[in-house]
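Reading through the structure tokens given below for one structure.
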Amino acid sequence: MKPLSTTAEKTTIVLFSGDYDKAMAAFIIANGAAAYEHEVTIFFTFWGLNALRKDEQVPVRKGFLEKMFAKMMPRGADRMGLSRMQFGGLGPKMIKHVMKKHNALTLPQLIELAREQNVKLVACTMTMDLLGLQQEELLDGIEYAGVAAYLGDAADGKVNLFI
Amino acid sequence: MKPLSTTAEKTTIVLFSGDYDKAMAAFIIANGAAAYEHEVTIFFTFWGLNALRKDEQVPVRKGFLEKMFAKMMPRGADRMGLSRMQFGGLGPKMIKHVMKKHNALTLPQLIELAREQNVKLVACTMTMDLLGLQQEELLDGIEYAGVAAYLGDAADGKVNLFI
Amino acid sequence: MKPLSTTAEKTTIVLFSGDYDKAMAAFIIANGAAAYEHEVTIFFTFWGLNALRKDEQVPVRKGFLEKMFAKMMPRGADRMGLSRMQFGGLGPKMIKHVMKKHNALTLPQLIELAREQNVKLVACTMTMDLLGLQQEELLDGIEYAGVAAYLGDAADGKVNLFI
Chain D
573 MKPLSTTAEK TTIVLFSGDY DKAMAAFIIA NGAAAYEHEV TIFFTFWGLN ALRKDEQVPV
633 RKGFLEKMFA KMMPRGADRM GLSRMQFGGL GPKMIKHVMK KHNALTLPQL IELAREQNVK
693 LVACTMTMDL LGLQQEELLD GIEYAGVAAY LGDAADGKVN LFI
Chain A
573 MKPLSTTAEK TTIVLFSGDY DKAMAAFIIA NGAAAYEHEV TIFFTFWGLN ALRKDEQVPV
633 RKGFLEKMFA KMMPRGADRM GLSRMQFGGL GPKMIKHVMK KHNALTLPQL IELAREQNVK
693 LVACTMTMDL LGLQQEELLD GIEYAGVAAY LGDAADGKVN LFI
Chain B
573 MKPLSTTAEK TTIVLFSGDY DKAMAAFIIA NGAAAYEHEV TIFFTFWGLN ALRKDEQVPV
633 RKGFLEKMFA KMMPRGADRM GLSRMQFGGL GPKMIKHVMK KHNALTLPQL IELAREQNVK
693 LVACTMTMDL LGLQQEELLD GIEYAGVAAY LGDAADGKVN LFI
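Residue numbers (my numbering), protein chains in the order written: chain D, 573 to 735; chain A, 573 to 735; chain B, 573 to 735.
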């Protein structure tokens, strides 16, 4: 773990999208910035929260609509679809096959690398409420905050992206 | 209404998307930034312009293609669809139901709050022309400008997002 | 060609999207910024690379999956679809018809203008590998780089967008 100095450049990404390819882009940029000693925050909101879901089913009490949402959304990074060329699930298989051939990191591996590099992963509590996602269902060791915390980081950031 | 000092931090958002959920994200960030005394501009372009349409039909003279566009695009924020889980209109109903339960502001309410907080709402005149939208069809009291005005604001901005 | 001073403001755009309308927005902003003497970089990644493809078929040796990807993705800016109202190809025709009527620049013309204004067009080598695109298939005279080069530009940029 690298020490974080207060003078480090800051980079923030809002990950709104629940697409595998867009999440890959977000984590590739985040990991690159972290490698350059930037302090990096990814703020997960709306469908982007799915990238943080544990891949096993977690038993939590929920209302009916929240259960339906949970069922219809992908459980974890590996199950996310592509923003185009989805082809009923064939597209992601093709991309993952090509990625393996090129020794490219998968999305779960990119997330793991981000954690090793101290990228701050923050789940948006307001949209967790809306989609009925509970802390037990998301990866351990992440942070929870609202839009105010995001803006605090972004106002100091040089590179701020919405993906 | 807050006085706007020239030293306030600036935040700009280009709202390109015509999706209800993405527009919500844009307005939540904009309202958060305005609450922190940032000068905030949202620049509405392409499908994002639909969030500014009045919800009633406005009688204006138009060519055939422009009439078709106007018919096929949602008339106002409340009629916009979701970027995913649209399910033929069921998704937005579900989301709005959950939002009500959680006392979350609807998109029209978020827009209203933004106006109360002096968020500058600017419609892109070039894409209004392309989509055949006329000023009478958009909310009263907004501004009209081109990409040059956006860039003038963004060059002074710390947080500049494209949504 | 304008001389680029080292003190010029910098603007960077990541073009991830393969949609005609989003690419238009990217180039309109890029050309506007270049007109204001900003140093502008567009970094093309994932589906955005399609905007750089030559419109003729280029004979290159490829594996089976790479050939399939190349076939399924649009060959060049003029063949890209819309992010919404695609209507099986009718939407782009309608938009292009209206653009002609309003004397708006087409996407290929916007790209040409960007090149004349010295906008730096950079293809992401990592995603070229993933999608099986080779340099011979992309427009002549562009640059090739990875995420590190993008971050180098963005860290100096005032306006950094992900489209």
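We treat Cβ as the ideally placed atom computed from N, Cα and C, and that holds for glycine.
What's the gap between the Cα of residue 702 (chain B) and the Cα of residue 596 (chain B)? The count along the third sequence starts at 1 and reaches residue 702 (chain B) at position 130. The count along the third sequence starts at 1 and reaches residue 596 (chain B) at position 24. About 24 Å.
Quick check on residue 635 (chain A) - is its C-beta less than 7 Å from some C-beta in chain D? Along the second sequence, one-based indexing puts residue 635 (chain A) at 63. With 7 Å as the cut-off, residue 635 (chain A) does not count as an interface residue toward chain D.
Residue 709 (chain B) classed as buried or exposed, judged by whether at least 16 other C-beta atoms fall within 10 angstroms: Residue mapping note: residue 709 (chain B) aligns to position 137 of the third sequence, counting from 1. Burial call: buried.
Look at residue 734 (chain D) and residue 733 (chain A) and say whether their C-beta atoms are less than 7 Å apart. In the first sequence, the residue the question calls residue 734 (chain D) occupies position 162. In the second sequence, the residue the question calls residue 733 (chain A) occupies position 161. It is a contact, given that the beta carbons lie within the stated cut-off.
Going by DSSP in three states, residue 711 (chain A) sits in which element: helix, strand or coil? The residue you call residue 711 (chain A) lines up with position 139 of the second sequence. Correct three-state label for residue 711 (chain A): coil.
Specify whether the segment 644-661 of chain D and the segment 623-631 of chain D touch according to this definition: at least 3 beta carbon pairs, one from each stretch, less than 8 Å apart. yes
Can you grab the Cα-Cα spacing for the pair residue 677 (chain B) / residue 694 (chain A), in whole Å? Sequence index remark: in the third sequence, residue 677 (chain B) carries index 105 (1-based). Sequence index remark: in the second sequence, residue 694 (chain A) carries index 122 (1-based). So the two alpha carbons sit approximately 22 Å from each other.
Would residue 621 (chain D) pass as a contact of residue 705 (chain D) if the rule is Cβ separation under 7 Å? Walking along the first sequence from the start, residue 621 (chain D) turns up at place 49. Walking along the first sequence from the start, residue 705 (chain D) turns up at place 133. Yes; because the gap between Cβ atoms is below 7 Å, this pair is in contact.
Apply the 10 Å Cβ neighbour rule to residue 638 (chain D) and answer buried if 16 or more other Cβ atoms are within range, or exposed otherwise. To locate residue 638 (chain D), count along the first sequence from 1; it is residue 66. Buried, since its Cβ has 16 or more Cβ neighbours within 10 Å.
Nearest-angstrom Cα distance between residue 592 (chain A) and residue 598 (chain A)? Translated into positions along the second sequence, residue 592 (chain A) becomes position 20. Translated into positions along the second sequence, residue 598 (chain A) becomes position 26. C-alpha separation (whole angstroms): 10 Å.
Out of curiosity, what's the CA-to-CA distance linking residue 584 (chain D) and residue 631 (chain A)? Residue numbering aside, residue 584 (chain D) sits at position 12 when the first sequence is read from its first letter. Residue numbering aside, residue 631 (chain A) sits at position 59 when the second sequence is read from its first letter. C-alpha separation (whole angstroms): 44 Å.
Can you grab the Cα-Cα spacing for the pair residue 728 (chain D) / residue 697 (chain A), in whole Å? Counting from 1 along the first sequence, the entry for residue 728 (chain D) is found at position 156. Counting from 1 along the second sequence, the entry for residue 697 (chain A) is found at position 125. Approximately 32 Å between the Cα atoms of the pair.
Applying the 10 Å Cβ sphere with the 16-neighbour rule, what's the burial state of residue 692 (chain B)? Residue 692 (chain B) sits at position 120 when you count from the first residue of the third sequence. Buried, because 16 or more other Cβ atoms sit within 10 Å of the Cβ of residue 692 (chain B).
Three-state secondary structure (DSSP) at residue 613 (chain D)? Here residue 613 (chain D) refers to the residue found at position 41 of the first sequence. Residue state, collapsed to three classes: strand.
Environment of residue 713 (chain D) [buried if 16+ CB atoms lie within 10 Å]: Mapped onto the first sequence, residue 713 (chain D) falls at position 141. Counting Cβ neighbours within 10 Å, residue 713 (chain D) comes out exposed, since fewer than 16 surround it.
Closest Cβ-Cβ distance between residue 725 (chain B) and chain D: below 7 Å? Translated into the one-based positions of the third sequence, residue 725 (chain B) becomes position 153. No, residue 725 (chain B) does not count as interfacial toward chain D.
In chain D, what lies closer than 8 Å to residue 592 (chain A) by C-beta? On the second sequence, residue 592 (chain A) is found 20 positions in, with the first residue counted as 1. By Cβ distance, chain D contributes nothing, its closest Cβ being about 11 Å from residue 592 (chain A), past 8 Å.
Output yes if chain B places a C-beta closer than 7 Å to the C-beta of residue 576 (chain D); else output no. Position 4 of the first sequence holds residue 576 (chain D). Note that residue 576 (chain D) scores a pLDDT of 49, beneath 50, so its modelled location is shaky; the value from the coordinates is reported in the next line. Not an interface residue.
Can you give me, in chain order, the residues of the segment 643-656 of chain D that have a beta carbon less than 8 Å from any beta carbon in chain B? 655, 656
Where residue 657 (chain A) and residue 580 (chain B) are concerned, what is the direct C-alpha to C-alpha distance, given to the nearest angstrom? Looking up residue 657 (chain A) in the second sequence gives position 85. Looking up residue 580 (chain B) in the third sequence gives position 8. Computed Cα separation, rounded: 44 Å.
For residue 584 (chain D), which of helix, strand or coil comes out of DSSP? As a first step, residue 584 (chain D) is located in the first sequence; it is residue number 12 there, counting from the start. In the structure shown, residue 584 (chain D) sits in a strand (DSSP, three-state: E or B).
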